[in-house]
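I have placed the structure first, in the form of structure tokens, so that the comments after it can refer back to it.
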Amino acid sequence: MIDDGDKFQPTPMAKMPRFAGSSTFMRLPLIDEPGKVDIALIGVPFDGGTTNRAGARHGPRQIREMSTMIRRVHHVSKLAPFTLCRCADLGDVPINPLDLMQSLEKIEQFMSRVHGAGAAPLSVGGDHLVTLPILRAVARDQALGMVHFDAHSDTTDSYFGGSRYSHGTPFRRAIEEGLLDPTRVVQIGVRGSLHDVDDLDWPLAQGVRIITMEEAYDLGCDGVIAEARRVAGTGPVYVSFDVDGLDPVYAPGTGTPEVGGLSTHEAQRMIRGLQGLDIIGGDVVEVAPPYDPSGNTALVAATMLFEMLCVLADARAARAI
Ligand code: MN
Ligand code: MN
């Protein structure tokens, strides 16, 4: 049996069956004090950065619901994140759906409070723009590396004649602002038709390592993992998982699906393969429940969240030694 110690635990099934009670991330307690946790699970229900099909604002609620399927111990690594670290649901960032810039400030403020309390944020979007204010909060002290799963590079300069803040631009801004060290950024699963032939020139010129889906297929899971670990190196790393990195067969509930993507199993293995990196936080973004009436995309996202939680908790525990 697991020794719970004094850490928060998912509500035991003997106390309340998993289909009952209010939904929180992984059935953890809902608290508002980041100083009481090592890892803060946070919803960011903002999709005002979406350029095309909106709906990711509904992601956190449905992912909380489907995350009640998650148990306590990883079936392969045997990692038990709730025993390794103090984890809890810190609720949702109170964004303003009518004001993009104000919402970015609110997200940054919320994450700064979490970061300032010494907790690592593991967030659930929301569209991918939410990662920018998260990075502004957690990369204030030093530029981070990043392992980024996505069909898209998200390094476009602007959309619609000069709008610089959208879910297609967060990593352009993050590199410009010195939040990410581009030579320690690896993007996995990039594919899909481009706006222009030179779309990827800018990130490549900054030194970002782009593993296209074609290359990922040729390398295989172990090859992708080895390359991601080489690029991320030994410094602090953020992990960002856009659910559209997966093939829409597995994750149709997203605004910008691209066929020919990762399978759920491949993505699970790749996240798991990051164990041992100095992971300091992460997110799962772009789940848009309106496009998937089955709810499976949210289950997939909750499962990826657990994969990330396990390697994050392991890194966090290693830091404490
Ligand atoms: Mn993205
Ligand atoms: Mn994407």
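Residue numbers (our numbering): 1357 to 1677. The C-beta atom is built at its ideal place from N, Cα and C for all residues, glycine as well.
{"Asked": "Is His1484 near ligand 2, in the sense that its beta carbon is under 8 Å from a heavy atom of that ligand?", "Found": "yes"}
{"Asked": "Quick check: what's the CA-CA separation for Arg1428 versus Leu1397?", "Found": "15 Å"}
{"Asked": "DSSP state of Pro1645, grouped into three classes?", "Found": "helix"}
{"Asked": "DSSP puts Ser1519 in a beta bridge; with which residues?", "Found": "Tyr1515"}
{"Asked": "Would you give the residue range spanned by the beta strand (DSSP E) that Ala1476 belongs to?", "Found": "1476-1481"}
{"Asked": "Got a sec, what are the start and stop residues for the beta strand (DSSP E) Val1503 sits in?", "Found": "1500-1505"}
{"Asked": "Take the Cβ of Gly1678 as the centre, count every other Cβ of all protein chains shown within 10 Å, and call the residue buried at 16 or more, exposed below.", "Found": "One cannot answer for residue 1678 here, as it falls past the ends of the chain, which runs 1357 to 1677."}
{"Asked": "Excluding five sequence neighbours on each side, which residues of the same chain lie with their C-beta closer than 6 Å to the C-beta of Arg1520?", "Found": "Ser1514"}
{"Asked": "Check whether the Cβ atoms of Tyr1594 and Val1449 lie closer than 9 Å to each other.", "Found": "no"}
{"Asked": "Note the first and the last residue of the continuous beta strand (DSSP E) segment covering Pro1526.", "Found": "It is not in any beta strand (DSSP E) - Pro1526 instead sits in the alpha helix (DSSP H) that spans 1526-1532."}
{"Asked": "Rounded to the nearest angstrom, what separates Ser1459 and Gly1405 at their Cα positions?", "Found": "10 Å"}
{"Asked": "My understanding is that Ile1419 touches Val1480, with C-beta atoms under 8 Å, so please give their C-beta distance in whole angstroms.", "Found": "5 Å"}
{"Asked": "For Asn1452, I'd like the list of residues in its chain whose CB is within less than 6 Å of its CB, leaving aside the five on either flank, ordered along the chain.", "Found": "Gln1458, Ser1459"}
{"Asked": "If we count Cβ pairs, one from each stretch, closer than 8 Å, do we get three or more for the region 1575-1584 versus the region 1485-1495?", "Found": "no"}
{"Asked": "Quick one: residues in its chain with C-beta nearer than 7 Å to the C-beta of Ala1671, no 5 flanking neighbours on either side, listed in chain order?", "Found": "Leu1633, Asp1634, Ile1635"}
{"Asked": "Using 8 Å as the threshold, is the region 1621-1628 in touch with the region 1522-1533, meaning 3 or more CB pairs across them?", "Found": "no"}
{"Asked": "Is any heavy atom in ligand 2 found nearer than 8 Å to the beta carbon of His1508?", "Found": "yes"}
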